[in-house]
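For the record, the sequence lines run as chains A and B.
Residue numbering for the first sequence follows this note's numbering, beginning at 6 and increasing consecutively.
Residue numbering for the second sequence follows this note's numbering, beginning at 6 and increasing consecutively.
Every residue gets a Cβ at the ideal spot worked out from N, C-alpha and C, and that includes glycine.
Owing to the predicted nature of the structure, the values given are computational and were not obtained by experimental measurement.
2 protein chains.
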Amino acid sequence: LKIINVILSGGVGSRLWPLSRKSKPKQYLPLFEGQTLFQKTALRNRNFCEKILVVGNIDNYNLSRKDLAQAGIKEYQEIIEACPRNTAAAIAFAAFSCEPSDILFVTPSDHLIGNQNLYQKALIRAFELAKEGYLVTFGLKPSRPDTGFGYIESQGEQVKSFREKPDLERAIQFIDAGNFYWNSGMFCFQAGVFLEELEKLTPEVYKSSKEAIDHAIDGKLHESLSLRIPSISVDYAVMEKTDRIRVVPSEFTWSDMGSFEAIYDHFVSEGYPTDESGNMVIGEGPYTEFLGLKECILVNTPECILVLDKNKAQDVKKVFERLEVDKPHLIN
Amino acid sequence: LKIINVILSGGVGSRLWPLSRKSKPKQYLPLFEGQTLFQKTALRNRNFCEKILVVGNIDNYNLSRKDLAQAGIKEYQEIIEACPRNTAAAIAFAAFSCEPSDILFVTPSDHLIGNQNLYQKALIRAFELAKEGYLVTFGLKPSRPDTGFGYIESQGEQVKSFREKPDLERAIQFIDAGNFYWNSGMFCFQAGVFLEELEKLTPEVYKSSKEAIDHAIDGKLHESLSLRIPSISVDYAVMEKTDRIRVVPSEFTWSDMGSFEAIYDHFVSEGYPTDESGNMVIGEGPYTEFLGLKECILVNTPECILVLDKNKAQDVKKVFERLEVDKPHLIN
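Right, here's the structure in full:
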């Protein structure tokens, strides 16, 4: 019985353009004391897991390898997807590649986590529940009525319901109720238990994923077999349907660093300088002055500059999508 | 009897930092169809004047020479000041260097002028008045109640009074009255008439300027003799005191391009692009996007970036002055 950290690495982080680009996704940016979120994930979980299994894709596996080498991590297994098939398939690939009794601790690779003691406490409890045969999700105590996350309604470690991203009014109700948690996208279960539930609840993903991983060569999946796999999330495919679900209500701090607002707040908390009106420069470039502006961020990269009002940080995605059509060389 | 364009070239244009710097003052920036304001001044007035006399200083005379060479102007005279002594002395140097009957058409070198027909009309009248022995100033019909200029109260071509930069309430009264004009800083008179009035009204400038120019070598003034000259403007020294004053009310458009707001408005009128929220990039640099900002200007230079709200364009001077103390290498 081994505990294996399954690191899912996908996505671009389009709201961090131009720092992030298709060729340099968010999790590979060395923004955090010189480390990337991917490295931090691997290093953080190495304390609790015997093995690392990276599920990446053909566009990023070289970045993952470089990151792990730089972090001094030599031993790891990798699965390289030919095309994105969402989290249900990604986790199935991992589960098929392990012993049924192995405990998979599945994490995204693009988060910062604070308070390691509370993190460890949550993991220890999750491992216990996984050993007992449960599918475990982590519920994060919300610090604000965020409308960007799904929520889990709990009663102790029982899950009463999963809730889609709410509107603000509902999010406030969730916070007031006190038993609603952010769905973190981290999971823990035995490989065999997960596959049993996947086969029972979403058999088409089970079968097509098995077919694809059975024909993988050195961990690399074929594109044609991969394209047959339904692209759905593990939440829809398994977690929201199974009666073997448990939640570990957790109090460690957690940020997906998904926007420049989150980056800004984190940097300020680390003592990174702003001017007296709260304007910040991120990236390399010449000396920069702001005048008549408040809480703006100038993101400077060799090919692109973005100047934004911090409060519009979510809309960077729209800029990214527009450039994807108009000027793809600036986002690739 | 010759008509001589006396071009005064001084100042930095600190409100255009970082485009302008001490080593690259405003009038030498090639921002206007590839030409500088200095070049435009010389080329514009060459149509009406037989000769050019540049009064510059040791910091900028090489820039003036380069500009004139690029503009194909080979024949000109120069006076090189050792230190700034304001406009009364600068014009006195020019007047001492010409025949008393020569008509001096004195202009700054950092303005854009529109509508050449109206400009020509004003000049022709000014030359007539100068020939009759008057000291002529040009009154520009104000397009807005600007508080950044001095005003001339006129009755026809008679000057009733000079007015300091007014507050807004008073500026609005001036506009409503209809006989108040912006003081353009352009003048026209016979060299001898000017010197007679200077000697009579402000003899200490007359004497010390004569002493300095008499000892100049190849148009270059000595610093020690120059420092003895009172540093006052031609308005204070002569124009506001003489009873031989006339004003030519003029309708040509005129802009000192003294701020990024003026530059922005001019560029927009020329079809220079902004994004849909009216944001503009000035200068060289990577592709730039604005998000959540309106009517902002990003000024990009190799060493410095300035991002400003267009409506705060006057405050660039404050940034310049702060950097003059904190980071002088960025403004020199």
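When C-beta atoms of the region 275-285 of chain A are compared with those of the region 229-246 of chain A, fewer than three pairs fall below 8 Å, so the two segments do not count as touching. By a beta-carbon distance limit of 8 Å, residue 176 of chain B contacts residue 151 of chain B. Their separation comes to about 7 Å. Going by beta carbons, residue 8 of chain A and residue 110 of chain A fall inside the 9 Å limit.
The Cβ atoms of residue 106 of chain B and residue 6 of chain B sit closer than 9 Å to each other. In the three-state scheme derived from DSSP, where H, G and I count as helix and E and B as strand, residue 229 of chain B is classed as helix.
In the three-state scheme derived from DSSP, where H, G and I count as helix and E and B as strand, residue 34 of chain B is classed as coil. Excluding sequence positions up to five before and after residue 236 of chain B, its CB lies within less than 6 Å of the CB of 90, 91, all in the same chain and listed in chain order. With a cut-off of 8 Å on Cβ pairs, the region 133-146 of chain A is not in contact with the region 210-228 of chain A, counting fewer than three such pairs. At a cut-off of 9 Å, the C-beta of residue 17 of chain A has no neighbouring C-beta in chain B.
Apart from the 5 residues on each side of it in sequence, residue 233 of chain B sits with its Cβ closer than 8 Å to the Cβ of 213, 216, 217 in its chain, given in chain order. Under a criterion of Cβ atoms nearer than 7 Å, the residues of chain A adjacent to residue 321 of chain B are, in order, 296. Here the alpha carbons of residue 225 of chain B and residue 118 of chain B stand approximately 30 Å from one another. Apart from sequence neighbours up to five positions away, the residues of its chain that approach residue 19 of chain A with a beta-carbon distance below 6 Å are 322, 325, ordered along the chain. By the rule that beta-carbons nearer than 9 Å mark a contact, residue 308 of chain B touches chain A. Uninterrupted beta strand (DSSP E) stretches at least 3 residues long and entirely within the region 226-285 of chain B occur at 250-255, 258-260, given in chain order. Here residue 51 of chain A carries a helix assignment [DSSP, helix/strand/coil]. Distances from the alpha-carbon of residue 123 of chain A to those of A:309, A:49, A:184 put A:49 closest. Residue 83 of chain B has B:59 as its beta-bridge partners, per DSSP. Within the region 80-161 of chain B, the alpha helix (DSSP H) runs of at least 4 residues that lie entirely inside it are, in chain order, 91-101, 121-136. From the listed residues B:37, B:42, B:38, the smallest Cα separation to residue 30 of chain B is found for B:42. Closest option to residue 78 of chain B, judged by alpha-carbon separation, among B:58, B:62, B:97, B:307: B:58. In the DSSP annotation of this structure, the continuous segment of the alpha helix (DSSP H) that includes residue 331 of chain A starts and ends at 321-331. Sorting A:46, A:39, A:27 by C-alpha distance to the C-alpha of residue 62 of chain A places A:27 at the top. Distance from the CA atom of residue 327 of chain B to the CA atom of residue 87 of chain B, rounded to whole angstroms, is 26 Å. Each of A:98, A:127, A:83, A:138 was checked against the Cα of residue 108 of chain A, and the nearest Cα belongs to A:138. Secondary structure of residue 24 of chain B (DSSP, three-state): coil. Check the Cα spacing between residue 73 of chain B and each of B:95, B:99, B:12, B:174: the tightest is with B:12.
DSSP places residue 223 of chain B outside both helix and strand once states are collapsed to three, so it counts as coil. Between residue 300 of chain A and residue 314 of chain A the beta-carbon gap is near 7 Å, inside 8 Å, which marks them as a contact. Relative to residue 204 of chain A, the option among A:101, A:188, A:149, A:254 whose CA is nearest is A:101. Under the 9 Å criterion on CB atoms, residue 208 of chain B is classed as non-interfacial with respect to chain A.
Chain A places a beta carbon closer than 9 Å to that of residue 303 of chain B, counting this residue as a contact. Within the region 273-293 of chain A, those residues whose Cβ lies closer than 9 Å to any Cβ of chain B are, in chain order, 284, 286, 290, 291, 292, 293.
Here residue 197 of chain A carries a helix assignment [DSSP, helix/strand/coil].
Counting only Cβ-Cβ distances below 7 Å, residue 246 of chain A has no contacts in chain B at all, with the closest Cβ about 40 Å away.
One finds 294, 296 in chain B with Cβ atoms closer than 8 Å to the Cβ of residue 324 of chain A, taken in chain order.
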